Amino acid sequence: VCFIPGGLDCSISFVSHVLGKVCVHGRQKEILGVLVPHLTDLTKSDCIWQRICWRLVECVPDRWMEAVVLGFVQGAPGADVLSRLLGNLVVKNKKAQFVVTQKMLLLQYGHTTAVLQNLLGYLSLDSLRRPLLLRVLQELLETWSSSSAVKHSPAEQQLYISKAILICLSHLKEPEIESCRQELLTSMMEGVKCHLDSSLPQLRRLGMVVAESISLKINTEGPVLKFEYEEDDETRELKSLLVQAPPFCVVPSLPDDDRSEKAGAALPLVPESAEKPHTAAPEMPDEELEAELDSDDDLTPYDMPEERELKVKAPVYIRDCIEVLTGSQSEDVDKWEATVKALESLVRKNPAATREVSVELAKILLHLEEKTCIEGFVELRQRAQVAVLTTDPIPVAKYLTSQFYSLNYSLRQRMDILDVLVLAAQELSCPKFHEKAKHSGAQKPCIQLLPGSDSSKDWRRIVDERIKSKTRRFNTGQSRVELAPHPNEFNSVAGHFFFPLIQHFDRPLTTFDLLGEDHLVLGRLVHTLAILMYLAVNTVAVTAMGKALLEFVWALRFHTDSYVRQGLLSCISSLLLSVPTERMLADMTEELLETQSWLGDVLEKDPDGDCRRLALQNLLLMENLKKKLEAVPS
Amino acid sequence: MALPPPDPQFVLRGTSAAVHTLHFSCGGPEPDIPLLFSGSENGLIHVWNLKTHRVDTALDGHGRKSVCCVETMGGKDRLLSQGRDQRICLWDLAEGRTSVTDSVFTEHVGFCRCSLLKVAQGRWLMAMAARSLEEVQILELPSKTSVCTLKPEVGAKLGMPMCLKLWQLNCDSQPVLLAGYEDGSVVLWNVSMGKVLSQLICHQEPVMSLDFDAEKAKGISGSSEKVLSIWSLNEQQNLQVYKTHELVNAGISDITIRPDKKILATAGWDHRIRIFGWKKLKPLAVLDYHTASVHCVSFSDHSNPRERLLAAGSKDQRISVWSIYAQT
Numbered sequence: 001v002c003f004i005p006g007g008l009d010c011s012i013s014f015v016s017h018v019l020g021k022v023c024v025h026g027r028q029k030e031i032l033g034v035l036v037p038h039l040t041d042l043t044k045s046d047c048i049w050q051r052i053c054w055r056l057v058e059c060v061p062d063r064w065m066e067a068v069v070l071g072f073v074q075g076a077p078g079a080d081v082l083s084r085l086l087g088n089l090v091v092k093n094k095k096a097q098f099v100v101t102q103k104m105l106l107l108q109y110g111h112t113t114a115v116l117q118n119l120l121g122y123l124s125l126d127s128l129r130r131p132l133l134l135r136v137l138q139e140l141l142e143t144w145s146s147s148s149a150v151k152h153s154p155a156e157q158q159l160y161i162s163k164a165i166l167i168c169l170s171h172l173k174e175p176e177i178e179s180c181r182q183e184l185l186t187s188m189m190e191g192v193k194c195h196l197d198s199s200l201p202q203l204r205r206l207g208m209v210v211a212e213s214i215s216l217k218i219n220t221e222g223p224v225l226k227f228e229y230e231e232d233d234e235t236r237e238l239k240s241l242l243v244q245a246p247p248f249c250v251v252p253s254l255p256d257d258d259r260s261e262k263a264g265a266a267l268p269l270v271p272e273s274a275e276k277p278h279t280a281a282p283e284m285p286d287e288e289l290e291a292e293l294d295s296d297d298d299l300t301p302y303d304m305p306e307e308r309e310l311k312v313k314a315p316v317y318i319r320d321c322i323e324v325l326t327g328s329q330s331e332d333v334d335k336w337e338a339t340v341k342a343l344e345s346l347v348r349k350n351p352a353a354t355r356e357v358s359v360e361l362a363k364i365l366l367h368l369e370e371k372t373c374i375e376g377f378v379e380l381r382q383r384a385q386v387a388v389l390t391t392d393p394i395p396v397a398k399y400l401t402s403q404f405y406s407l408n409y410s411l412r413q414r415m416d417i418l419d420v421l422v423l424a425a426q427e428l429s430c431p432k433f434h435e436k437a438k439h440s441g442a443q444k445p446c447i448q449l450l451p452g453s454d455s456s457k458d459w460r461r462i463v464d465e466r467i468k469s470k471t472r473r474f475n476t477g478q479s480r481v482e483l484a485p486h487p488n489e490f491n492s493v494a495g496h497f498f499f500p501l502i503q504h505f506d507r508p509l510t511t512f513d514l515l516g517e518d519h520l521v522l523g524r525l526v527h528t529l530a531i532l533m534y535l536a537v538n539t540v541a542v543t544a545m546g547k548a549l550l551e552f553v554w555a556l557r558f559h560t561d562s563y564v565r566q567g568l569l570s571c572i573s574s575l576l577l578s579v580p581t582e583r584m585l586a587d588m589t590e591e592l593l594e595t596q597s598w599l600g601d602v603l604e605k606d607p608d609g610d611c612r613r614l615a616l617q618n619l620l621l622m623e624n625l626k627k628k629l630e631a632v633p634s
Numbered sequence: 001m002a003l004p005p006p007d008p009q010f011v012l013r014g015t016s017a018a019v020h021t022l023h024f025s026c027g028g029p030e031p032d033i034p035l036l037f038s039g040s041e042n043g044l045i046h047v048w049n050l051k052t053h054r055v056d057t058a059l060d061g062h063g064r065k066s067v068c069c070v071e072t073m074g075g076k077d078r079l080l081s082q083g084r085d086q087r088i089c090l091w092d093l094a095e096g097r098t099s100v101t102d103s104v105f106t107e108h109v110g111f112c113r114c115s116l117l118k119v120a121q122g123r124w125l126m127a128m129a130a131r132s133l134e135e136v137q138i139l140e141l142p143s144k145t146s147v148c149t150l151k152p153e154v155g156a157k158l159g160m161p162m163c164l165k166l167w168q169l170n171c172d173s174q175p176v177l178l179a180g181y182e183d184g185s186v187v188l189w190n191v192s193m194g195k196v197l198s199q200l201i202c203h204q205e206p207v208m209s210l211d212f213d214a215e216k217a218k219g220i221s222g223s224s225e226k227v228l229s230i231w232s233l234n235e236q237q238n239l240q241v242y243k244t245h246e247l248v249n250a251g252i253s254d255i256t257i258r259p260d261k262k263i264l265a266t267a268g269w270d271h272r273i274r275i276f277g278w279k280k281l282k283p284l285a286v287l288d289y290h291t292a293s294v295h296c297v298s299f300s301d302h303s304n305p306r307e308r309l310l311a312a313g314s315k316d317q318r319i320s321v322w323s324i325y326a327q328t
C-alpha cells in the first residue's frame, strides 16, 4: 500500500476500515510491519502526513480500535514515533483511552518493557496527554499498594506493574511530583508494608526497589529510603528504568582532546624522572659509608625463638566449654571466643562425653547470643548444634521439638531449630564417607522426574545377579571399590524428629500462632517436614510418617500463602518418592485419589507459577508410580 | 652462637594489683639506697628498696583509684604521682615523711600520663591532658600556673591525647611537646606559642606510647596495632616517618629509650618485653617472663653503668627487674 502525496482532498476512512479489519483478524504484525516504517519516515518532518496519519487512526471504527492501537503501540520503534503516529488519539477516542490506560497496563501483563516505555513515553510527550499519565500512575500505585493484589496476583504481573510505575516516575516533572507528593507517600507506605509481608523473596525485593525509587523521587533533598537487599539482574534492570535515556547520543569529540592532553602531560614528566637518578647516585655511597661507621655491633642479640602469634587456648573438655559458655567468668572474652570456635570439633571427638550433657549443651547453644564480634558466629553455633544433635539424637531432638512449640522464643530461634533438625537429619541419613561440605541453609532437594529410570536399573541388577549365580569364575578381575554398606542412622530417630513437629501446629500460643500471623514459620515448617520425609526413605517409620503428612497437607491445602502451598506440594513429592509404593497403595489409596484431584485443581487454578509447576511434577510422579505397578507382574 | 635470653635478676612481688607505672631513683650517691617507685591499680604507690627487694613504704593518695604515672622531681624526696581520681599529687618523702604537699585537679578521665621537664632549678613544666577532650594543658610546677593550653584546630579530629613528652634540645632552647593522639598521629607543639609545628600520621590505631631522642632528633611510637613507627625531626621542625617495624602480636603499652640511647625496650600486650638497638632498630632480645600484658618498662638511672637495670610491670601483679646489656 503506498500513498501518493498530492494536493488531493481525500477521505481516508476507507483505508481506516481496511486497516481495522485486517488488524482485528490478527494480521497486525504483517500490515503494520510495512505501514509503520513508511509512516515513520513520512511523518518525520511533514505535518500534512502527520495529520493524515492521525485521521487514519481516528477513523478506525470502535470495534476494531483495540486491535489497531495495540498493534501500533507494539510496532512503533519509540515513544516519539508513536506520538507522531497516533497524535492525541487517546484523548479523543474513549476506546483508545481505555485500551492504553487500563487494559494494557492493568489487565494484561505480557508486554515487554520496550512496549511499556513506548506507551508511557507516548503519554508523557504532550501536555494534553499528561493528565492521563498522572491518572495512570495513581491507578498503578493503587494496585501496587493493595494487599490482596500482592497476595493473589502472579509474580509476573507484579513485576510488570512495578516496571510501569518506575517508568511513569521517570517521566514525571517536578511540579507534577509536588502536586501528588502526598498520595505517592501514602501509597508507598502501604505498598511497602504489603510487599515486605510476603513470604516470597522476589516480591519483597520488588517492593523494596519500587519504594526506594518512589522515595528518591519525592525526597530530592534529605534522607532517602534505602533497603538492604542483594542486587541481581532484575533489580538492576528495574533501577535502570528510573533514568531516562536521552533520545540522541552525542558522539563525544573529547577523546581526541584527552589523548593530546595526556601526551603533553607525559612529556614534562620524563625529564624529571631522568633527573632523579642523578641525585640518587651520589646519595648511595654516603649511605654505605655510614653503614660502615655504625659500630652498633657490639650489642650481640640474644637467641630469639620463632615468634608465634599469641593464641588463647580453648578448653579441652566439654564440661569446661559449658562452664565458659554459661558465662560464670564473663570477663574472659578471648576464652569465650576460642570455646565457640572449638566446640564443634570437641563435640565430634568426644561422643561419649557429649552424650552425658547433650540436652544441657543444646539448651545453652539455643540461647547463646553473640558476645563479641566473631566472624561466622551464626554458622559456628549452628554447626555445634548439629554436632550435638547427631551425637545424641533422641533426647536432643525431643528437647528441640518441644522448644519449637514453647512460649517466648523468637521467630528466628524457631526457624533455627528447624534448620538444625534438617541439617542433622541430612547428616544422619547420608553414608559416612560421603560427607559433603555442610553449608548452612540446606534448601529443599531438587525433585527430579525419574521417568522409568528406576525400573531400568532394577532389571539390570536382577540380570547381573542371575548371571553371577550361574557362572563359575576362574579369576576375579580387579574388583571395583564398592561402597561399604552402613547402617542408616536416621532410621531409629526419624520418627523423633518428625512427629513432635507435626503434632501441635494447630494449637496457638500467646506469642506464636502458626495458622495466623506467623505464616512464614509455617512455610518453613512445611518445607522442613518435606525434607525430613524425603530423607526418611528406607526407614521403618516412613509409612506412618507418610500417612501423618498426608493428613497434615490435606488440612492446610487451601492456605493463602503461596510459600506454604509450595511447601505442601513438596511434601507430596517427598511422600511419593519415599514411601514404598506397595505400602502407599495398601494404606492410603483413598487419600491418594483425593490428593490427585486436588493436584489437578491446583494445576489449573493456582495463581502462583511455582505451585502449578510443582503440582504438575506431582501428577507426573503419580503417573509413573501407577505405570510401575502395572509393569510389575502381580 | 646466640645465648638464650637472660632471666630476670629478681622479681618484686607484693603489689597485689596490676602495675601500671614504674620509676627508678638510683642516681644518688652512696649511702643512698636505690629505689624503685611503682604505681598500681589499687591506688597505692610502693617504694621498693632495691637492696632488700622489699617494700619500704606504701603511699595511698589516690583514693583507691589506679595510679597511672609516677615521677621524681629532682631526687627521691619529691614525688609526683598521677591517678585516675583526676588528681596529680606532689609528695614530700624526705626523712621518712609520706605526705601530699600539693595536688592539681586535672579533670581528665582518660589514661594519658603526664610529662615532666625540668626547665630551671626548682622549676618544672608539666604537660597533662586537660578536661576538654582534645586539649593538653601545660602547667608550671610548683607554682601550678598555667603556661598555655594546646588546643588542636577545629575539625582536626585527633581524639584524646594518649601520651605526652616534653623536651627541649638544651637548657636555652624552647620547650616543645610531642603528643600522640587517638587517631594515630603524633603532633609537635611549640609550647610557648601554643602552635602546632608539625603533625604526622604514624599509626592507624591510637598511639599508646612514645619516646624521643633529642640528640638524634629521632623518636619512636607504639600503638595497639602491630607496627612500631620510627620518625625523625628535620631542621625545619617537620616530622617524617623514618622507618617502621612490624611485630607478630599487636599491642604495645609502653616504649622507653635507655638514657645512653643505645637500646630501647617495649612492653607488649602479648606478655613480652622486647629489646631493640636504637640505631637501626635491630631486634636484640625477647624477654618472656610475665603471664599477662606488660604495662610499663623503665630503665634505671644508675651512675655506674654496670649496675643499670630494666624494670617491667605487668597485669600479673609482678615487677620483673633485668640486667641486660649493662656492660656496654
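If you read the protein sequences in the order shown, they are chains A and B.
Following UniProt numbering, the numbering of the first sequence begins with 1 at its first residue and continues without gaps.
Following UniProt numbering, the numbering of the second sequence begins with 1 at its first residue and continues without gaps.
By construction, the Cβ of each residue, glycine as well, lies at the ideal position given by its N, Cα and C atoms.
Quantities reported herein were computed from a predicted structural model and do not represent experimental measurements.
query: Tell me the DSSP bridge mates of glycine 222(B)?; result: Ser209(B) and Leu228(B)
query: Could you say if the region 13–29 of chain B and the region 292–301 of chain B meet the contact criterion of at least three C-beta pairs nearer than 8 Å?; result: yes
query: Using a threshold of 8 Å, state whether the C-beta atoms of valine 91(A) and arginine 129(A) are closer than that.; result: yes
query: Can you tell me the Cα-Cα spacing of leucine 225(A) and leucine 125(A), whole angstroms?; result: 29 Å
query: Quick one: which chain B residues come within Cβ less than 9 Å of glutamate 309(A)?; result: Val248, Asn249 and Asp270
query: Could you have a look at serine 570(A) and say whether DSSP puts it in helix, strand or coil?; result: helix
query: Determine the direct distance from the alpha carbon of valine 150(A) to that of valine 521(A), and round the result to whole angstroms.; result: 19 Å
query: Using a Cβ-Cβ distance under 8 Å, would glycine 43(B) count as near chain A?; result: no
query: For isoleucine 31(A), which option in Ser16(A), Leu42(A) and Thr43(A) has the closest C-alpha, if you only look at C-alpha atoms?; result: Ser16(A)
query: What do you get for methionine 189(A), buried or exposed, if any count of 16 or more other CB atoms within 10 angstroms of its CB means buried?; result: exposed
query: By a C-beta neighbour count over all protein chains shown, 10 Å radius and 16 as the cutoff for buried, is alanine 265(A) buried or exposed?; result: Low confidence applies here, because alanine 265(A) scores a pLDDT of 40, under 50, leaving its location unreliable; read the following figure in that light. Exposed.
query: Could you give the distance in angstroms between the alpha-carbon of proline 156(B) and the alpha-carbon of serine 223(B)?; result: The residue asked about is misnamed: residue 156(B) is alanine in this sequence, not proline. Looking at the two C-alpha atoms, the distance is approximately 20 Å.
query: Output needed for lysine 44(A): all residues of its chain with C-beta closer than 8 Å, excluding positions within five of it in sequence on either side, in chain order.; result: Arg84
query: Is there at least one Cβ from chain B nearer than 8 Å to aspartate 332(A)'s Cβ?; result: no
query: DSSP has alanine 536(A) in a bridge; who is on the other side?; result: According to DSSP, alanine 536(A) bridges with nothing at all.
query: What residue ranges within the UniProt repeat "WD" (287–328) of chain B form continuous alpha helix (DSSP H) runs of no fewer than 4 residues, ordered along the chain?; result: none
query: Would you check if there are 3 or more beta carbon pairs closer than 8 Å linking the region 108–128 of chain A to the region 560–575 of chain A?; result: no
query: Under 7 Å Cβ-Cβ, which residues of chain A neighbour valine 286(B)?; result: Met304
query: Specify the secondary structure class of cysteine 199(B) as computed by DSSP and reduced to three states.; result: As written in the sequence, residue 199(B) is glutamine, which differs from the cysteine given in the question. Looking at glutamine 199(B) - three-state DSSP - the assignment turns out to be strand.
query: Quick one, which of Asp233(A), Glu66(A) and Cys180(A) has its alpha-carbon nearest valine 24(A)'s?; result: Glu66(A)
query: So what does DSSP say about methionine 208(A), is it helix, strand or coil?; result: helix
query: When you compare the CB positions of threonine 391(A) and arginine 355(A), do they come within less than 8 Å of one another, or not?; result: yes
query: Using the DSSP secondary-structure output, state which residues sit across from leucine 44(B) in a beta bridge.; result: Asp60(B)
query: According to the neighbour-count rule (16 or more other Cβ atoms, all chains shown, within 10 Å of its Cβ), is leucine 509(A) buried or exposed?; result: exposed
query: Beta strand (DSSP E) containing phenylalanine 276(B): first to last residue?; result: 273–277
query: If you compare alpha carbons, which of Ser99(B), Leu141(B) and Ser81(B) is closest to cysteine 112(B)?; result: Ser81(B)
query: Mind checking if glycine 222(B) is an interface residue toward chain A, Cβ cutoff 8 Å exclusive?; result: no
query: Note down, in chain order, every chain A residue with its Cβ under 7 Å from the Cβ of glycine 180(B).; result: Within chain A, no residue comes near glycine 180(B); the closest Cβ sits about 24 Å away, beyond 7 Å.
query: With distances taken between CB atoms, is the gap from asparagine 491(A) to threonine 539(A) smaller than 8 Å?; result: yes
query: Mind checking whether leucine 241(A) and isoleucine 214(A) have CB atoms under 8 Å apart?; result: no
query: Is it buried or exposed, methionine 193(B), if we count other Cβ atoms within 10 angstroms and call 16 or more buried?; result: exposed
query: Assuming alanine 387(A) and glutamate 344(A) are in contact, meaning their beta carbons sit under 8 Å apart, how far apart are those beta carbons, in whole angstroms?; result: 5 Å
query: Would you mind working out which of Leu169(B), Ser173(B) and Ile201(B) sits nearest alanine 179(B), comparing C-alpha positions?; result: Ile201(B)
query: Anyone know if the C-beta pair for cysteine 611(A) and arginine 565(A) falls short of 8 Å?; result: yes
query: Can you give me the start and stop residues for the beta strand (DSSP E) that glutamate 246(B) sits inside?; result: 239–246
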